[in-house]
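Q: In my numbering, the protein residues as written are 507 to 763.
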Amino acid sequence: MSAAESPHHRGKNFFLVRALEKILGERELKRAQHSALKKACESSLKDIKAEVKRLHDKEKARGGVSSGSGQGTTGDLEEIDADKHFYPFELACRSGVPRIVNTALDCIQKLIAYGQLRGLQPDPEQPDKLLIDRIVDTICGCFIGVQTDEGIQLQIIKALLTMMTCSTVSVHGGTVLTAVRCCYNIYLASKNVINQTTSKASLTQILSTIFQRMENETELQVAAREKMASLHPGSTSSLPSSSSAPLTPHQPSPSPS
Numbered sequence: 507m508s509a510a511e512s513p514h515h516r517g518k519n520f521f522l523v524r525a526l527e528k529i530l531g532e533r534e535l536k537r538a539q540h541s542a543l544k545k546a547c548e549s550s551l552k553d554i555k556a557e558v559k560r561l562h563d564k565e566k567a568r569g570g571v572s573s574g575s576g577q578g579t580t581g582d583l584e585e586i587d588a589d590k591h592f593y594p595f596e597l598a599c600r601s602g603v604p605r606i607v608n609t610a611l612d613c614i615q616k617l618i619a620y621g622q623l624r625g626l627q628p629d630p631e632q633p634d635k636l637l638i639d640r641i642v643d644t645i646c647g648c649f650i651g652v653q654t655d656e657g658i659q660l661q662i663i664k665a666l667l668t669m670m671t672c673s674t675v676s677v678h679g680g681t682v683l684t685a686v687r688c689c690y691n692i693y694l695a696s697k698n699v700i701n702q703t704t705s706k707a708s709l710t711q712i713l714s715t716i717f718q719r720m721e722n723e724t725e726l727q728v729a730a731r732e733k734m735a736s737l738h739p740g741s742t743s744s745l746p747s748s749s750s751a752p753l754t755p756h757q758p759s760p761s762p763s
C-alpha cells in the first residue's frame with residue numbers, strides 16, 4: 507500500500523492526493539503537449555507522500571500512532587498546505603482540454619470547501635499579491651466567452667461561489683470585482699438556461715455575503731468604540747469611523763461592465 511493510500515493518510519490530506527491523482531489519470535495527459543502538467547502532478551504527489559510520511563513518523567514518535575498496526579489517531583496528523591501544490595491545478599486549468607479543465611475546477615472548488623486551499627501565501631510570481639488572487643484569476647481565466655464548454659461554465663460558477671462565501675478564504679478589493687464580473691459575463695454569454703439561472707443566483711448570493719460581512723464589521727467597530735469610550739470617558743477613540751476607513755477587505759464592487 508502506497509503512502510497516499512495508507513490508513514494514516516486518509517482524512518484531512520486524502521482529498522488533495524486524490525485530486526492530483528484524478529488529474530494525472532486523465533488519458534489526455536499521455537500526450538506530449540501536457541508533459542509539464544504531468545510532471546507537476548507527479549512532483550506534487552511525490553512531495554506530499556514524503557511530507558505525509560514525515561508527519562506520520564512525527565506522530566508515531568509522540569505516541570499518536572500505534573507501532574503495531576501502523577494506524578492510530580489519523581485525525582491528529584497535521585494538514586498539508588494545499589497552497590504549496592496549486593501549480594498543477596493552475597496548469598490543468600490552462601490545458602485547453604475541457605475534460606481536464608472541468609476536473610481541475612471541481613478539485614479546486616472542493617479543496618476550498620474543505621478548507622485546504624486558502625491562498626494565504628504570497629503569489630510566487632507577484633510577491634506583492636497573495637496566492638488567492640492568482641487562484642481567482644485562474645478560475646476566471648477558464649471562461650473564454652460564448653464558446654466556453656457549458657460544463658466548465660458551471661464549474662467556474664460553483665468554484666467562485668464557494669470561494670466568495672467560504673469563511674476560510676479572504677478575497678480582497680479588485681479580485682472581488684474579477685469574480686463578480688466573471689459570474690456576470692457567464693450570465694450574459696451562456697446559452698444554457700441552467701447556467702444562466704445558476705450564475706444569477708450565485709451572483710446574488712456573493713453580493714449578499716459581501717454586504718453582510720460589511721454590516722458585521724460595522725457592528726464590531728461600533729461595539730469596540732463604545733467599549734473604549736466606556737473605559738476612557740471623554741477620550742477620542744482611535745478606531746477609524748465608518749466614514750473614514752474601509753470596513754472590510756470585502757469592499758462593494760462597482761457594477762460590472
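We treat Cβ as the ideally placed atom computed from N, Cα and C, and that holds for glycine. Since the structure is predicted, the reported quantities are computational estimates derived from the model, not experimental observations.
(1) Going by CA-CA distance only, name the one from Thr-684, Met-670, Pro-604 and Glu-723 that's closest to Ser-708.
(2) Which residue wins for smallest C-alpha separation from Glu-631, given the options Lys-664, Ile-692, Leu-726 and Arg-640?
(3) Does the Cβ of Gly-625 have 16 or more other Cβ atoms within 10 Å, making it buried, or fewer, making it exposed?
(4) Which of the three DSSP states, helix, strand or coil, is assigned to Leu-611?
(5) Between the alpha carbons of Gly-621 and Ala-685, how many angstroms are there, rounded?
(6) In the DSSP assignment, the alpha helix (DSSP H) including Gln-711 goes from what residue to what residue?
(7) Please report how far the alpha carbon of Lys-706 lies from the alpha carbon of Ser-714, in whole angstroms.
(8) Using only the alpha-carbon positions, how far apart do Ile-586 and Ser-676 sit?
(9) Assuming Ala-665 and Ile-614 are in contact, meaning their beta carbons sit under 8 Å apart, how far apart are those beta carbons, in whole angstroms?
(10) At the level of alpha carbons, what is the spacing between Arg-731 and Thr-644?
(11) Can you pull the DSSP bridge partners for Leu-636?
(12) Hey, could you find the ends of the alpha helix (DSSP H) Arg-560 is sitting in?
(13) Report the residue from Cys-672, Leu-623, Thr-668 and Glu-534 whose alpha carbon sits nearest the alpha carbon of Gly-602.
(14) Using the Cβ count rule (16 or more neighbours within 10 Å means buried), how would you classify Val-652?
(15) Specify the secondary structure class of Glu-596 as computed by DSSP and reduced to three states.
(16) Specify the secondary structure class of Gln-661 as computed by DSSP and reduced to three states.
(17) Thinking C-beta only, is Ile-638 closer than 9 Å to Phe-649?
(18) Excluding the 5 residues flanking Glu-532 on each side, which residues of the same chain have their C-beta closer than 7 Å to its C-beta?
(19) Helix, strand or coil, according to DSSP, for Leu-617 in the structure here?
(20) Is the Cβ-Cβ distance between Asn-691 and Leu-660 less than 9 Å?
(21) Using the rule of at least 16 other Cβ atoms within 10 Å of the residue's Cβ for burial, across every protein chain shown, is His-591 buried or exposed?
(22) Out of Glu-527, Lys-528 and Thr-703, which has the shortest C-alpha to C-alpha gap to Glu-656?
(23) Whole angstroms are fine: how far does the CA of Leu-667 sit from the CA of Lys-555?
(24) In whole angstroms, what separates the C-alpha of Ser-673 from that of Ala-619?
(25) Assign Val-728 to one of two classes, buried (16 or more other C-beta atoms within 10 Å of its C-beta) or exposed (fewer than that).
(26) Return the first residue and the last residue of the alpha helix (DSSP H) that Gly-647 is part of.
(27) Where does Thr-654 fall in DSSP's three states?
(28) With DSSP collapsed to three states, give me the class of Leu-623.
A: The short version:
(1) Met-670
(2) Arg-640
(3) Per the 10 Å Cβ criterion, buried.
(4) Judged by DSSP in its simplified three-state form, Leu-611 adopts helix.
(5) 19 Å
(6) 699 to 737
(7) 12 Å
(8) 19 Å
(9) 6 Å
(10) 40 Å
(11) Pro-628
(12) 541 to 567
(13) Measuring from the Cα of Gly-602, the nearest candidate turns out to be Glu-534.
(14) exposed
(15) helix
(16) If DSSP states are grouped into helix, strand and coil, Gln-661 belongs with the helices.
(17) no
(18) Only Arg-605, Ile-606 and Thr-609 meet the Cβ criterion.
(19) Per DSSP, reduced to three states, the secondary structure at Leu-617 is helical.
(20) no
(21) buried
(22) Thr-703
(23) In this structure, the straight-line span from the alpha carbon of Lys-555 to that of Leu-667 is close to 31 Å.
(24) 9 Å
(25) exposed
(26) That residue, Gly-647, is in no alpha helix (DSSP H); it is neither H nor E in DSSP.
(27) coil
(28) Taken through DSSP and simplified to helix, strand or coil, Leu-623 comes out as coil.
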